[in-house]
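A short worksheet on the structure shown next.
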Amino acid sequence: MLSTSVPISTMDGEDTEASTPLNPLLDRKSPGCQGGPVPSCWLLYFKPIVVISVGTLLFVSGTTLALLSFTQVGNVPYLLGPLFLFVGLMFLVTGLVWVPMLKQSLEQQPLTEVNHGKGDQVEHKHH
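Here numbering that gives the first Met the number 0 is used: the sequence shown runs in plain steps of one and ends on residue 126.
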């Protein structure tokens with residue numbers, strides 16, 4: 000685990016080191032979205048949601064511009080509509096493929112961790 004180490008001076012004049020992880024998601028006990036000290040699913044799925052939203056907006060605006068260009072209602076350059084359609088479709092498909100891949104990687108991650116957190120468990124025997 001990579002972490003940064005920062006020297007901190009106390010009031011006594013002693014220097015201590017405080018370390019913070021570079022990726023706080025890797026220090027969590029369970030990377031999924033079920034219980035525990037884990038960030039919300041919104042943080043995990045924020046980037047794919049933004050990509051899907053941008054793709055949808057570009058695709059809709061490309062459709063509108065293409066219709067305006069083909070019907071010659073507005074003074075729209077000929078290639079602007081298809082260009083927005085293409086870029087919007089690429090963003091939309093990328094975002095839609097990203098979500099299942101993220102779900103799959105979150106499901107497989109606990110399986111690859113070896114005895115994570117099992118050393119702290121204590122079994123109680125009843126007499």
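All residues carry an ideal CB built from backbone N, CA and C; glycine is no exception.
Distance, residue j Cα to residue i Cα
i          : j           : result
residue 57 : residue 74  : 19 Å
residue 29 : residue 101 : Reliability of the predicted coordinates at residue 29 is poor, the pLDDT of 48 falling under 50, and the value obtained from them is presented with this limitation in mind. Using only the alpha carbons, I get a separation of about 15 Å.
residue 82 : residue 59  : 12 Å
residue 93 : residue 108 : 22 Å
residue 70 : residue 87  : 21 Å
residue 39 : residue 72  : 47 Å
Beta-carbon contacts of residue i that lie in its chain and below 6 Å, excluding the five residues immediately before and after
i          : result
residue 77 : 68
residue 53 : 90
residue 98 : 47
residue 79 : 64
Short Cβ contact (8 Å threshold) for residue i with residue j
i          : j          : result
residue 65 : residue 43 : no
Element boundaries [alpha helix (DSSP H), containing residue i]
i          : result
residue 61 : 45 to 70
Close beta carbons around residue i, own chain, < 7 Å, minus the five adjacent residues each side
i          : result
residue 50 : 90, 93, 94 and 97
Same chain only: Cβ atoms within 8 Å of residue i, ignoring 5 sequence neighbours per side
i           : result
residue 103 : none
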